[in-house]
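Residue numbers (the UniProt record's numbering): 1 to 124.
Next up, the structure:
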C-alpha cells in the first residue's frame with residue numbers, strides 16, 4: 001500500500017514539473033510573438049529568456065531536495081561528505097602607511113578623549 005503512494009506521489013511530481021515546463025514554454029512562445037510584433041520591446045525578449053528558466057525551476061527543486069536528503073542519509077550513516085580543505089592562514093600584512101606616527105590623528109584622538117572625559121564627568 002505504501003509503495004503505491006510513493007509511485008503516485010512521484011508521478012504527480014513529474015507531472016507538475018512537465019506541466020510547468022510546457023506552460024512556461026508556451027508563455028515564452030507568446031512573448032516571442034509579442035517581441036516580433038510592432039508593439040514588441042526588449043522587455044518581451046527578456047521574458048522569452050526567463051520563462052523557460054521558470055519552467056525548469058520545479059525540476060531543479062526536486063533534484064535539489066533529493067540531493068539534500070541523500071546527503072542527510074550519508075551523514076546519519078557516518079559517511080559524511082568529504083570536507084573541503086581548510087585554507088592556510090594568511091600571514092599578517094603590515095600596512096606601511098600606519099607605520100609612521102600621525103600627529104593629526106594623535107591630536108584628534110586626544111580631543112576625543114577630552115570630550116569623553118568631560119561627558120562622563122558631567123553625568124550624575
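Don't be surprised by glycine CBs; every beta carbon is placed ideally from N, CA and C.
Being a predicted model, the structure only gives us computed values, none of them experimental.
**Asked** residue 110 lies in the alpha helix (DSSP H); which residues open and close that run?
**Response** By one-based count along the chain shown, residue 110 stands at place 110. Residue 110: member of the alpha helix (DSSP H) spanning 103–122, first to last residue.
**Prompt:** Taking DSSP as the reference, what is the three-state secondary structure of residue 38?
**Reply:** Within the chain shown, residue 38 is the residue found at index 38, counting from 1. In the three-state reduction of the DSSP assignment, residue 38 falls in the coil class.
**Prompt:** Should residue 42 go down as buried or exposed, given a rule of 16 or more other Cβ atoms within 10 Å for buried?
**Reply:** Mapped onto the chain shown, residue 42 falls at position 42. Looking at its Cβ environment, which holds fewer than 16 other Cβ atoms inside 10 Å, residue 42 is exposed.
**Asked** Between the region 18–35 and the region 43–55, do at least 3 Cβ pairs fall closer than 8 Å?
**Response** At 8 Å Cβ cutoff, the stretches touch.
**Request:** Round the Cβ separation of residue 86 and residue 17 to the nearest angstrom and send it over; I've been treating them as touching at under 8 Å.
**Result:** Mapped onto the chain shown, residue 86 falls at position 86. Mapped onto the chain shown, residue 17 falls at position 17. The C-beta distance from residue 86 to residue 17 rounds to 38 Å, too long to fall under 8 Å, and the pair is not in contact.
**C-alpha distance - residue 14 paired with residue 8, whole-angstrom precision** = Here residue 14 refers to the residue found at position 14 when the chain shown is read from its first residue. Here residue 8 refers to the residue found at position 8 when the chain shown is read from its first residue. Residue 14 and residue 8 have their C-alpha atoms spaced approximately 10 Å apart.
**Message:** Quick check on DSSP: helix, strand or coil for residue 93?
**Reply:** Locating residue 93 in the chain shown gives position 93, where the first residue counts as 1. Note: residue 93 maps to coil in three-state DSSP.
**Ordered list of beta strand (DSSP E) runs contained in the region 8–39, each at least 3 residues** = Segments of the beta strand (DSSP E) lying fully in the region 8–39: there are none.
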